[in-house]
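K.L.:
Before I ask anything, let me first share the structure, which is written out below as structure tokens.
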Amino acid sequence: MVERQIKLTAMEDVKDFVKEASKCDFDIDIFYNRVVVDAKSILGVFSMDLTRVLTVRCNGQSERFNNFLNKFAVA
1 MVERQIKLTA MEDVKDFVKE ASKCDFDIDI FYNRVVVDAK SILGVFSMDL
51 TRVLTVRCNG QSERFNNFLN KFAVA
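FYI, the numbering for the sequence shown is 1 to 75, going by UniProt numbering.
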């Protein structure tokens, strides 16, 4: 299990994120505090507070997805 901190600021970022997450064959969750949603659900991700730093939890490994997350990574 891998966790990364990201920040999605634009609607286009959310669409791209969900599109890339959907290409993975393992579960990916995105959460803030106690709210957890399926990262492959565009409605779920849009329901998150996008002004906050979000945590992505991947239950598998994909170098392509990890590289994609780098552009949204928070230090």
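Just so you know, even glycine gets a beta-carbon here, dropped at the ideal spot from N, CA and C. Source: prediction; values computed, not measured.
1. C58: which of E20, L8, N33 sits nearest, CA to CA?
2. Helix or strand or just coil, what does DSSP make of F31?
3. What does DSSP give as the partner residue(s) for Q5 in the beta ladder?
4. Going by C-alpha to C-alpha distance, which of V14, I30, M48, C24 sits closest to T55?
5. Just to check my reading of the structure: R52 and Y32 have Cβ atoms closer than 8 Å, yes? What is that Cβ distance to the nearest angstrom?
6. Which same chain residues, not among the five before or five after F46, have their C-beta less than 7 Å away from its C-beta?
P.N.:
Checking against the coordinates, here is how it stands:
1. As a position in the sequence shown, residue 58 is number 58, starting the count at 1. Of the residues E20, L8, N33, the one whose Cα lies closest to the Cα of C58 is E20.
2. The residue labelled residue 31 in the question sits at position 31 within the sequence shown. Note: F31 maps to strand in three-state DSSP.
3. Within the sequence shown, the letter at position 5 stands for residue 5. Within the DSSP secondary-structure output, Q5 pairs in a beta bridge with T55.
4. Residue numbering aside, residue 55 sits at position 55 when the sequence shown is read from its first letter. When each option's Cα is compared against that of T55, the closest is I30.
5. In the sequence shown, counting from the first residue as 1, residue 52 sits at position 52. In the sequence shown, counting from the first residue as 1, residue 32 sits at position 32. With a Cβ gap of about 5 Å, R52 and Y32 count as contacting.
6. On the sequence shown, position 46 is the one that residue 46 refers to. Excluding five sequence positions before and after F46, the CB atoms of its chain that fall closer than 7 Å to its own CB belong to V14, given in chain order.
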